[in-house]
Amino acid sequence: MRILYFAWLRQKIGVAEEEVAPPPEIRDVAGLREWLATRSAGHAAAFADAKQIRAAVNQDFATPDHPVAAGDEIAFFPPVTGG
Amino acid sequence: MARIQVQEALFDMAAESAALTAGRVDVGGVASFLGVCRGDDGLAAMVLEHYPGMTERALGRIAAEAEARWPLTGCTVIHRVGRILPGEPIVLVLTASAHRAAALESCAFLIDWLKTKAPFWKREEFADGDARWVAAKHEDDAAALRWSAKPE
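From first to last, the protein sequence lines stand for chains A and B. In terms of our numbering, the first sequence has 37 at position 35, counting the first letter as 1, and numbering is strictly consecutive. In terms of our numbering, the second sequence has 48 at position 34, counting the first letter as 1, and numbering is strictly consecutive.
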């Protein structure tokens with residue numbers, strides 16, 4: 003599973019992407035977010051406020067209950083601010 | 015088919031606009047929105063980050079939605095990324111149609127949806143060395159929501 007981070011999540015975690023293999027009980031975006039938060043102090047800081055975090059699964063915006071599986075590309079980022 | 019472009023370089027608005035009418039006589043109007051970087055509060059530069067791949071996909075989807083809702087003869091969306099200085103353009107939306115209402119409405123729709131549905135993030139750098147990520151605005155969500163029902 004390939005995880006990408008953008009904007010201040012990337013800064014707090016210290017990497018733009020990482021390859022992870024979460025345990026099989028991690029089945030959705032919210033579960034993955036909680037599991038990733040335990041990986042380091044930087045991850046914990048980045049994921050501290052779930053309300054400020056959006057996600058995409060395979061390059062489409064995804065809700066917290068969206069399923070995740072091995073081989074997916076999953077991105078976490080703050081609400082978008084383009085335009 | 016919309017022209018979607020994500021690039022660091024400046025763009026030529028006049029050339030982009032001319033391309034929408036070149037060689038055709040069915041265009042009655044071209045509407046445009048040019049987003050420009052303001053230099054508020056001692057801003058030195060705006061740094062635009064995006065999600066390569068998803069960005070183009072999201073912009074293509076937004077443009078396809080505009081083309082489904084309005085009878086457009088052409089549509090161009092160019093969004094810059096990287097370091098942008100005050101006074102420089104950030105984003106260009108152009109829509110062309112036989113009649114003005116479709117061009118004007120679809121142009122407003124595109125910029126409203128783009129602000130809330132495309133993966134870009136702005137970071138402001140100030141002359142004194144400070145930097146901060148721009149927070150999403152509630153009014154942008156409200157502006158996008160007004161288009162959630164299809165026009166009659």
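Built from N, CA and C at the ideal position, the CB exists for glycine as well. Note that the structure is a prediction, hence the values are computed from the model and not measured.
Item: Any C-beta of chain B under 8 Å from that of A/Thr-40; Value: no
Item: 8 Å Cβ cutoff, A/Val-82 in contact with chain B; Value: yes
Item: Interface residues of chain B facing A/Gly-85 [CB-CB closer than 7 Å]; Value: Gly-49, Val-105, Ile-125, Leu-128 and Lys-129
Item: Through-space distance from B/Thr-90 to B/Leu-24, alpha-carbon basis; Value: 15 Å
Item: Every unbroken beta strand (DSSP E) inside the region 108-152 of chain B [3 residues or more]; Value: 134-140 and 145-147
Item: Cα-Cα separation between B/Trp-127 and A/Val-82, rounded to whole angstroms; Value: 11 Å
Item: Contact check, B/Leu-108 vs B/Ser-46, beta carbons under 8 Å; Value: yes
Item: Proximity of A/Met-3 and A/Val-59 at Cβ, strictly below 8 Å; Value: no
Item: Spatial neighbours of B/Ala-59 in its chain, beta-carbon cut-off 6 Å, leaving aside the 5 residues before and after; Value: Arg-97, Leu-99 and Glu-139
Item: Simplified DSSP state of B/Asp-155, which is helix, strand or coil; Value: helix
Item: Length of the line joining the Cα atoms of B/Met-27 and A/Gly-84; Value: 19 Å
Item: Spatial distance of A/Glu-36 from A/His-45 (CA atoms); Value: 10 Å
Item: Within-8 Å CB hit, B/His-93 to chain A; Value: yes
Item: Per-residue burial, A/Thr-40 [other beta carbons within 10 Å of its own, 16 or more giving buried]; Value: exposed
Item: Terminal residues of the beta strand (DSSP E) in which A/Val-82 lies; Value: Neither: A/Val-82 is in no beta strand (DSSP E) and is coded neither H nor E.
Item: Buried/exposed call for B/Met-39, threshold 16 Cβ in 10 Å; Value: A quick correction: the sequence has Val, not Met, at residue 39 of chain B. Exposed, since its Cβ has fewer than 16 Cβ neighbours within 10 Å.
Item: Cutoff 8 Å: A/Ala-46 Cβ touching any chain B Cβ; Value: no
Item: Where the beta strand (DSSP E) containing B/Val-91 begins and where it ends; Value: 86-94
Item: Counted within 10 angstroms of its Cβ, other Cβ atoms place A/His-68 as buried (16 or more) or exposed; Value: buried
Item: Chain B contact for A/Phe-78 (CB, 8 Å cutoff); Value: no
Item: Paired residues, beta bridge with A/Glu-27 - DSSP; Value: None; A/Glu-27 has no bridge partner.
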